[in-house]
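Accompanying notes for the structure given below.
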Amino acid sequence: MPPRFFDQVYQIVSRLPRGKVVTYGQLALAVGNPRAARTVGWAMHRAPPERKLACHRVVSASGRLAPDHVFGGPEIQRSMLEEEGVTFLHDGRVNLDEHLWEIAPRSVRQIIP
DNA sequence: CGAATGACAATCT
DNA sequence: TAGATTGCCATTC
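Structure (structure tokens):
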């Protein structure tokens, strides 16, 4: 009985296109738990490497990047995003107006209950 | 089974 | 405006 919640999060992230980002809250909402944004963050921390998820495209609701202890620092994550064409505001936050990905309903593949 | 964990988010001071 | 507090919840141990 695999963790359904995490799997749904991973599946959505795996469909996240280059040059786009999503927030933890968006992912939580997409899997049916609007208030589980924090749990989504934990899912990222525990993301299985074999899925090769673009977890650097997941940012906070205000466009801030992951804390210092991830990706070797926000500078690294930022450079990864910039290579995909993501732009940033002058205060160092992701330009969400330009690059926030709208999660399509079919991006969420339901798992047999 | 209860307590702990955590890459959040909204609110308060 | 920045820092601290509170609510939140699936997964771990």
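Here my numbering is used: the first residue of the first sequence is 1, the next is one more, and so on.
Don't be surprised by glycine CBs; every beta carbon is placed ideally from N, CA and C.
For Leu81 and Glu75, the rounded distance between their alpha carbons | What you label residue 75 is simply residue 75 of the first sequence in a count that begins at 1. What you label residue 81 is simply residue 81 of the first sequence in a count that begins at 1. C-alpha separation (whole angstroms): 10 Å.
Spatial neighbours of Arg51 within its chain, please: CB distance less than 7 Å, with the 5 preceding and 5 following residues excluded, ordered by chain position.
-> Mapped onto the first sequence, residue 51 falls at position 51. So the qualifying residues of the chain are Tyr10, Ser14.
Relative to the C-alpha of Val59, which residue among Arg4, Ile103, Val94, Phe6 is closest?
-> Along the first sequence, one-based indexing puts residue 59 at 59. Selected option, being the one with the closest Cα: Val94.
Start and end residues, alpha helix (DSSP H) containing Asp97 = Residue mapping note: residue 97 aligns to position 97 of the first sequence, counting from 1. From DSSP, the alpha helix (DSSP H) with Asp97 extends over 96-99.
Expected contact under 8 Å - CB spacing of Phe5 and Val31 to nearest Å | Here residue 5 refers to the residue found at position 5 when the first sequence is read from its first residue. Here residue 31 refers to the residue found at position 31 when the first sequence is read from its first residue. Sure, about 6 Å apart at Cβ, within 8 Å.
Measure from the alpha carbon of Trp101 to the alpha carbon of each residue in Gln8, Arg18, Asp7, then state which is nearest.
-> Here residue 101 refers to the residue found at position 101 of the first sequence. Nearest of Gln8, Arg18, Asp7 to Trp101, Cα basis: Arg18.
What's the C-alpha gap between Asn33 and Met44?
-> To locate residue 33, count along the first sequence from 1; it is residue 33. To locate residue 44, count along the first sequence from 1; it is residue 44. Computed Cα separation, rounded: 16 Å.
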